[in-house]
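*Asks:* In our numbering, the protein residues as written are 18 to 207.
Can you keep this structure in mind? I'll have questions shortly.
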């Protein structure tokens, strides 16, 4: 019988951490967190199932994420700031100029947040691995908050030129629904 092993690193060279959970029965989840690909699997998986699912989920993560977050958090945040500047230019005429844009792991009830007085934007690391157009929508949503703090008609007019607004909102709604019911990883695109 051939030997089965779980890869130690992603194609990009980032380490892979496998977490077995007795509470997890059927679902498999994978996220990039602090430069590590974290794959959560049910504790009852065999080594062969582990190897198969880790490879499948890491492949999916790397495919969906244009560039996996760098092991160096400053580099990962730098990429977000560049993307924010690009989206601001393209959809908001460059009017939103954040001072800081970064990934955070402490946002459990929202995808992102902005503090207009400070010019800061924080995106939940739960977005990592979602399609780029979804991440772009959340980033653009927070950029719009730097211009208009509330969800007023003016705020929504700022977002109307982004072609994926409604689809991204629906995707995030489905992701939140699935996550709240322990269906992590089952709502990803193929």
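All residues carry an ideal CB built from backbone N, CA and C; glycine is no exception.
So, using beta-carbon positions, are residue 59 and residue 41 closer together than 8 Å?
*Replies:* Counting from one through the chain shown, the residue named residue 59 turns up at place 42. Counting from one through the chain shown, the residue named residue 41 turns up at place 24. In this structure, residue 41 lies closer than 8 Å to residue 59 by Cβ.
*Asks:* Using the C-alpha atoms, what's the distance from residue 193 back to residue 106?
*Replies:* Walking along the chain shown from the start, residue 106 turns up at place 89. Walking along the chain shown from the start, residue 193 turns up at place 176. Rounded to the nearest angstrom, the two C-alpha atoms are 29 Å apart.
*Asks:* Does the distance from the C-beta atom of residue 199 to that of residue 163 stay below 8 Å?
*Replies:* Indexing the chain shown from 1 puts residue 199 at position 182. Indexing the chain shown from 1 puts residue 163 at position 146. Not in contact: residue 199 and residue 163 (Cβ atoms no closer than 8 Å).
*Asks:* Rounded to the nearest angstrom, what separates residue 114 and residue 101 at their Cα positions?
*Replies:* As a first step, residue 114 must be located in the chain shown, where it is residue number 97. As a first step, residue 101 must be located in the chain shown, where it is residue number 84. Cα to Cα, residue 114 sits roughly 8 Å from residue 101.
*Asks:* Which stretch, first to last residue, makes up the beta strand (DSSP E) that contains residue 117?
*Replies:* Within the chain shown, the letter at position 100 stands for residue 117. Counting along the chain, the beta strand (DSSP E) containing residue 117 begins and ends at 117–121.
*Asks:* Can you give the beta carbon distance from residue 145 to residue 118, rounded, assuming they're within the 8 Å contact cut?
*Replies:* Taking the chain shown and counting its residues from 1, one reaches residue 145 at position 128. Taking the chain shown and counting its residues from 1, one reaches residue 118 at position 101. Not a contact, Cβ separation roughly 14 Å.
*Asks:* Tell me the DSSP secondary structure of residue 172 in three-state form.
*Replies:* For the purposes of this step, residue 172 is taken as residue 155 along the chain shown, with counting starting at 1. Looking at residue 172 - three-state DSSP - the assignment turns out to be helix.
*Asks:* Check the DSSP bridge columns for residue 125 and list the partner residues they point to.
*Replies:* The sequence position of residue 125 within the chain shown is 108, counting from 1. BP columns for residue 125 are empty, so no partner.
*Asks:* Quick one: what does DSSP say residue 39 is sitting in, helix, strand or coil?
*Replies:* Locating residue 39 in the chain shown gives position 22, counting from the first residue. It is coil, neither helix nor strand.
*Asks:* Have a look at residue 63 and residue 70 and give me their C-alpha separation to the nearest angstrom.
*Replies:* Indexing the chain shown from 1 puts residue 63 at position 46. Indexing the chain shown from 1 puts residue 70 at position 53. Answer to the nearest angstrom: the Cα atoms are 10 Å apart.
*Asks:* Would you kindly report the start and end of the unbroken alpha helix (DSSP H) that includes residue 192?
*Replies:* Your numbering for residue 192 matches position 175 in the chain shown. Per DSSP, residue 192 belongs to the alpha helix (DSSP H) from 182–197.
*Asks:* With residue 138 as the anchor, note down where its beta strand (DSSP E) starts and where it stops.
*Replies:* If you number the chain shown from 1, residue 138 lands on position 121. Run containing residue 138: 137–141, per the beta strand (DSSP E) assignment.
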